Amino acid sequence: MRYLTDRKRAVGKGASHTGTAHHWSMQVSSVGLAFLVPIWVYVFGSTLGQSHDAVLAVFAQPFPAILTALVIFVGMRHFAKGASMMIEDYAKGTARKMLIIFVVSLSYVITATGLFALVKIAI
Amino acid sequence: MAEIKRVERPLSPHLQVYRPQLTSVTSILTRITGNGLIVGVILAVWWLLAAATSPAYFAVANGVATSWFGDLVFTASLWAIWYHYLAGLRHLYFDAGKGLDIPTAEKLGWGCIIGSVLLTVLTILIV
């Protein structure tokens with residue numbers, strides 16, 4: 153008699169080998185971004201093209217600053233996972249690994265840079 | 006000699022001979038717009054970093070961001086945002102197991118294309 157349950161034999165055998173965690177995380181971040189992005193587009197679009205002082209004044213306020221931080225953070229996690237998925241579809245072997253490391257690093261660099269800029273404007 | 010009996014298996018779409026359809030084009034556009042948006046994000050975050058750094062640096066970044074190149078990137082990004090937005094909502098709807106029959110899927114595809122252009126024009130008029 154085998155003590156493996158049906159579930160135990162099924163886990164990891166799907167196309168992704170990792171279950172639905174990646175897909176679910178994309179769904180969660182997409183719903184979050186669906187609420188954040190339209191408002192952020194309005195804030196960013198109406199600020200772009202203004203003077204330096206006006207730009208600083210906008211992003212020093214709590215709402216635009218927190219909104220921008222959320223868009224950058226959630227957006228870059230969404231991008232890292234989405235871009236990794238694209239790379240997994242089109243590249244293999246070492247190229248795949250290097251490209252995934254590159255896009256994940258890039259998204260963290262952009263996140264850190266954006267948050268640093270917001271903090272510096274705020275204080 | 007007995008011939009080996011071949012099983013007729015369906016082949017996966019072969020890109021060179023695959024006839025593009027509305028559903029496949031709107032699907033691949035979701036990926037292209039989503040990944041292409043990184044260009045607009047880099048420009049926007051660079052602009053924000055420059056604003057946080059100094060007036061001189063801001064003048065440089067703002068010059069690029071409001072030049073014809075910046076206009077091109079941000080206008081393209083705006084359409085990409087709206088396209089990816091509508092296609093993402095469509096994706097969530099598909100994931101719920103709805104709208105997968107061909108007439109509905111094609112209507113949703115047109116909805117993404119026309120809707121994204123309308124929303125882009127609307128956004129440019131508002132901001």
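So the protein sequences, as listed, match chains A and B. Numbering-wise (the working numbering), the first sequence opens with residue 153 and increments by one. Numbering-wise (the working numbering), the second sequence opens with residue 6 and increments by one. Virtual Cβ for every residue (Gly too), placed ideally from N, Cα, C. Note that the structure is predicted; figures quoted are calculated from it, not measured.
In chain A, which residues lie less than 9 Å from residue i when you measure between Cβ atoms?
| i | result |
| --- | --- |
| B/D100 | H175, Q179 |
| B/L97 | Q179, S182, V183, A186 |
Contact check, residue i vs residue j under 8 Å by CB: the rounded distance?
| i | j | result |
| --- | --- | --- |
| A/M228 | A/T199 | Actually they are not in contact, since the Cβ atoms of A/M228 and A/T199 sit about 20 Å apart, beyond 8 Å. |
| A/V256 | A/A232 | 5 Å |
| A/V226 | A/L188 | 7 Å |
| A/M238 | B/N40 | 6 Å |
| A/S208 | A/I275 | Strictly speaking, residue 208 of chain A in this sequence is Leu, with Ser absent from that position. Going by Cβ atoms, the distance from A/L208 to A/I275 rounds to 12 Å, so no, they are not a contact pair. |
| A/H204 | B/F79 | Not confirmed; about 18 Å, so no contact. |
| B/I118 | B/T35 | Contact doesn't hold; Cβ gap of about 11 Å is too wide. |
| A/F196 | B/A49 | 7 Å |
Check each candidate in the options and name the one with the smallest Cα separation from residue i.
| i | options | result |
| --- | --- | --- |
| B/L127 | B/A110, B/G116, B/W87 | B/W87 |
| B/W115 | B/Y23, B/V44, B/L27, B/V22 | B/L27 |
| B/I129 | B/N67, B/V12, B/W84, B/V30 | B/W84 |
| A/G184 | B/G93, B/A110, B/V50, B/V132 | B/G93 |
| B/I43 | A/V271, A/A274, A/Y260, A/I273 | A/Y260 |
| A/I216 | A/I253, A/L270, A/G201 | Per the sequence shown, the amino acid found at residue 216 of chain A is Pro instead of Ile. Here the closest residue by C-alpha is A/L270. |
| B/A101 | A/T170, A/V163, A/H169, A/H175 | A/H175 |
| B/V132 | A/Q202, A/S182, A/L156, A/R154 | A/Q202 |
| A/S181 | B/Y90, B/T58, B/P60 | B/Y90 |
| A/E149 | A/A173, A/S168, A/A212 | Nothing can be reported for residue 149 of chain A, as the shown portion of chain A is limited to 153 through 275. |
| B/I47 | B/G104, B/S29, B/S82, B/L105 | B/S82 |
| B/A110 | B/S29, B/A61, B/E13 | B/S29 |
| B/G45 | B/D76, B/S59, B/A61 | B/D76 |
| A/I224 | A/A243, A/A206, A/T246, A/L258 | A/L258 |
| B/I33 | A/R161, A/K160, A/Y242, A/Y155 | A/Y242 |
Listing by chain order, which chain B residues have their CB less than 9 Å from the CB of residue i?
| i | result |
| --- | --- |
| A/Y194 | T128, I131, V132 |
Could you work out which residues of chain A lie near residue i, taking near to mean beta carbons separated by less than 8 Å?
| i | result |
| --- | --- |
| B/A56 | H204, V207, L208, F211, A269, I273 |
| B/P60 | H204 |
| B/F63 | H204, V207 |
Could you work out which residues of chain A lie near residue i, taking near to mean beta carbons separated by less than 7 Å?
| i | result |
| --- | --- |
| B/A70 | L200 |
| B/R36 | M238 |
List the residues of chain B whose Cβ lies closer than 7 Å to the Cβ of residue i, in chain order.
| i | result |
| --- | --- |
| A/I262 | V46, I47, V50 |
| A/T265 | V50, L54 |
| A/G197 | T128, V132 |
Give the residues of chain B in contact with residue i, contact being defined as C-beta atoms less than 8 Å apart.
| i | result |
| --- | --- |
| A/V189 | I86, Y90 |
Is there at least one Cβ from chain E nearer than 9 Å to residue i's Cβ?
| i | result |
| --- | --- |
| B/F79 | The chain inventory of the structure shown lacks chain E, comprising the protein chains A and B. |
Checklist entry - Just checking, does the stretch 185-198 of chain A make contact with the stretch 210-223 of chain A on the three C-beta pairs under 8 Å criterion? => result Segments in contact, yes.
Item to check | Three-pair Cβ contact test at 8 Å for the stretch 61-73 of chain B versus the stretch 92-99 of chain B | outcome: No: fewer than three Cβ pairs fall under 8 Å.
Next on the checklist: What are the residues in the stretch 83-95 of chain B lying within 8 Å of chain A by C-beta distance?
Outcome noted: With the criterion set as a beta carbon lying under 8 Å from some beta carbon of chain A, the members of the stretch 83-95 of chain B are L83, I86, Y90, G93, L94, in sequence order.
Checklist entry - Are the stretch 230-247 of chain A and the stretch 111-125 of chain B touching by the rule of at least three beta carbon pairs closer than 8 Å? => result With a cut-off of 8 Å, the stretch 111-125 of chain B and the stretch 230-247 of chain A do not count as touching, because too few Cβ pairs lie within range.
Next on the checklist: Closer than 8 Å is the cut-off here; do at least three beta carbon pairs connect the stretch 35-55 of chain B with the stretch 263-275 of chain A?
Outcome noted: Short answer: they touch.
Checklist entry - When Cβ atoms are compared, which residues of the stretch 40-53 of chain B fall closer than 7 Å to chain A? => result Within the stretch 40-53 of chain B, the qualifying residues are N40, I43, V46, I47, A49, V50, L53.
Checklist entry - Relative to chain B, which residues along the stretch 224-237 of chain A have a C-beta separation below 9 Å, given in chain order? => result For chain B, the residues of the stretch 224-237 of chain A that bring a beta carbon within less than 9 Å of one of its beta carbons are I224, G227, M228, H230, F231, G234, A235, M237, in chain order.
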